[in-house]
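Here the structure is laid out as structure tokens; the discussion comes afterwards.
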Amino acid sequence: MTIDEILKSIRKELNISQEQLARDLNVSFTTLNRWENNRSKPSRLAMMRIADYCKEKSVSEKTISMLERA
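Numbers 1047 to 1116, taken from the numbering used here, label the letters of the sequence shown in order.
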């Protein structure tokens, strides 16, 4: 699974919008939108922040595992 698919999966699981996830991750909506549309990729630091966020929000272990391998 690619990072864009993982981010969409996280949003679907948490039932939140791109705007909300962007706010929660402290990134701009534009940045998150680019990640989800595969126009750019998150940095290692951003990936760590996303993983921490998923653990904090109790996202499924399967999703977290895919994120850590992306």
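Glycine residues also receive a C-beta, built at the ideal position from the N, C-alpha and C atoms.
Predicted model only: the values in this text are computed from it and were never measured.
- With a cut-off of 8 angstroms on Cβ pairs, the stretch 1100-1110 is not in contact with the stretch 1083-1091, counting fewer than three such pairs.
- Each residue's CA atom was taken as its position, placing D1098 and L1113 some 11 angstroms apart.
- With contacts defined as CB atoms closer than 7 angstroms, Q1066 and L1078 fail to qualify as a contacting pair.
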